[in-house]
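Read through the structure below, which is laid out as structure tokens, and then see the notes.
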Amino acid sequence: MAELIIYSERIKDNIKKLSNFFEKNHIEWSLVTKVFSGDKTFLKAILTPDVTEKINSIGDSRLTSLRNLREVNPDLRTIYIKPPANIYADDVVEYADISLNSSLSTIESLNEAAKKKNKIHKIIIMIEMGELREGVKRDDILGFYEKVFNLSNIEVIGIGSNLGCMYGVEPTYDKLLQLSLYKELISAKFNKDLKYVSGGTSITLPLVENGVAPKDINHFRIGEAAFFGLSPLENKRFKDLHTETFEFYANVIELEKKKIVPDGIISEASIGHTSEYDENDVQETSYKAILDFGLLDVDKDDIEVEDKDISFVGITSDMLVIDVGLNKNESGKTKYKVGDKVKFKLSYMGVARLLSSKFIDKVYVEEI
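Position in the sequence shown counted from 1, then plus 1437, gives you our numbering.
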């Protein structure tokens, strides 16, 4: 079976380094674990007391993941990081101490759910800052906050925004300054202290490092930098974080010399994806290897084979076909054979999909 290798100690070291970085900059942060889809083995391996001691809360976008967090460690403070659906208000209040919200009717449902449980549910209200994702329209902010402040079992602890996640709108100084100014406006208007301005994600880290983030931005929601060591603004390593945190190995289950051009009538029945081919190469051959994973496990665009001599041929639901050319190394010896492993690099989404696949082995490695 194909294997996803997880370097757990490197990830834990990244989290500790980020905690120290935020502490020096007087910023609180939430660790976003959605890439691991609530996997209990991961939660137990990574979220040890020495790792979580300086983290404000652990965040996820799946209620099942938050429930698993609670089961693994009932003392962890949790945050639901996307606007919840009305129908799940009871579960959100049960499993999340904090939630991000942008819909008044949903917040009213959360209020009723919190009443039934005799709880105060904390929320951060998200503002639309140009990304066209979740967020209250800026023209509606004051009226929106006024209605929410009147709810008995809801405590508004902050204002937030999500930039860089869909269209890739950069969290510039001006954008973040606007967010902090809205916080000041709301505080002055309603005489309320909003503790958090949650405008930071992994893409915002370089602004803090370079000292150009507004001082009021005091809460970050971080996933990619913690698990991959990267800031996605330029997809560069952030500070001295570990970037070699995941590896993916697939097994060669067949290796034969075959034609480059398929033989027969090509229909629309294919469920897989293939590379382009040139009809002029109808007599040409090369060595094709079949690997033991497919579209049910990961999208081909989220993985990159480490061996630059290998090219993509096609992928189906459960197998990937690659071209290994003459299958010879520089000394003329056979390069691959059945039973060998082929190594891949992974994107964030590649890791997330592989972790969600029940057909992929997950192997934790405890070494820096």
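Each residue gets a CB set at the ideal place from its N, CA and C atoms; glycine is no exception.
Within the segment 1618-1673, the complete alpha helix (DSSP H) segments of 4 residues or longer fall at 1642-1646 and 1661-1665, listed in chain order. The way I'd put it, the segment 1450-1470 doesn't touch the segment 1688-1698; fewer than three beta-carbon pairs between them come closer than 8 Å.
The beta-carbon separation of Phe1675 and Ala1662, rounded to 5 Å, stays under the 8 Å limit for a contact. From the listed residues Thr1515, Asp1746 and Ser1768, the smallest Cα separation to Phe1781 is found for Asp1746.
Taking Arg1575 as the centre and dropping the five residues before and after it, the same chain places the C-beta of Ile1564 and Glu1565 closer than 7 Å to its C-beta, in chain order. For Lys1453, the enclosing alpha helix (DSSP H) covers residues Ser1445 to Lys1461.
As summarised for the segment 1545-1593, the continuous beta strand (DSSP E) elements at least 3 residues long and confined to that stretch are 1558-1563, given in chain order. Contact check for Asp1739 against Ser1784 passes: the beta carbons are separated by less than 8 Å. Annotation: Thr1485 is outside any alpha helix (DSSP H) and is labelled neither H nor E by DSSP. In this structure, DSSP gives Asp1497 an extended state, which the three-state scheme calls strand.
When only Cα atoms are considered, Pro1521 and Ser1498 end up about 9 Å apart. Beta-bridge partners of Ser1536 (DSSP): Tyr1517 and Ile1560. The three-state reading of DSSP puts Ile1524 in helix, counting H, G and I together. In the structure shown, the three-state DSSP call for Tyr1724 is strand. By DSSP's assignment, Leu1441 forms a beta bridge with Phe1685 and Lys1799. The residue among Phe1627, Asp1450, Glu1621 and Phe1586 with its C-alpha nearest the C-alpha of Asp1487 is Asp1450.
Taken through DSSP and simplified to helix, strand or coil, Asp1738 comes out as helix.
Taking the Cα of Gly1595 as reference, the smallest distance to any Cα among Leu1537, Ser1546 and Glu1549 is reached at Leu1537. Under the DSSP assignment, Ser1793 falls in the alpha helix (DSSP H) whose first and last residues are Tyr1785 to Ser1793. Between the segment 1466-1484 and the segment 1510-1526 there are three or more inter-stretch CB-CB distances shorter than 8 Å, so the stretches are counted as touching.
By alpha-carbon distance to Ser1456, the top candidate from Gly1660, Glu1671 and Asp1653 is Gly1660. Around the Cβ of Leu1757, a 10 Å sphere holds 16 or more other Cβ atoms; the residue is buried. Thr1485 and Asp1512 have their alpha carbons spaced roughly 12 Å apart.
In the three-state reduction of the DSSP assignment, Glu1531 falls in the helix class. Glu1804 sits in coil when the DSSP states are folded into three classes, being neither helix nor strand.
The continuous beta strand (DSSP E) containing Gly1751 extends over residues Ser1748 to Ile1752. Only residues of its own chain outside the window of five on either side were considered, and among them Leu1644, Val1649, Ala1650 and Pro1651 have a CB closer than 8 Å to the CB of Tyr1610, listed in chain order. With fewer than 16 other CB atoms across the displayed protein chains lying within 10 angstroms of its CB, Ser1589 is exposed.
In the assembly as shown, Phe1685 is a buried residue. Its beta-carbon has 16 or more other beta-carbons within 10 Å. Inclusion of Leu1791 and Leu1441 in the CB contact set at 8 Å is warranted, their separation being smaller than that value. A buried status is given to Ile1654, since no fewer than 16 other beta-carbon atoms sit within 10 Å of its beta-carbon. Taking the Cα positions, Val1593 is about 18 Å away from Tyr1532.
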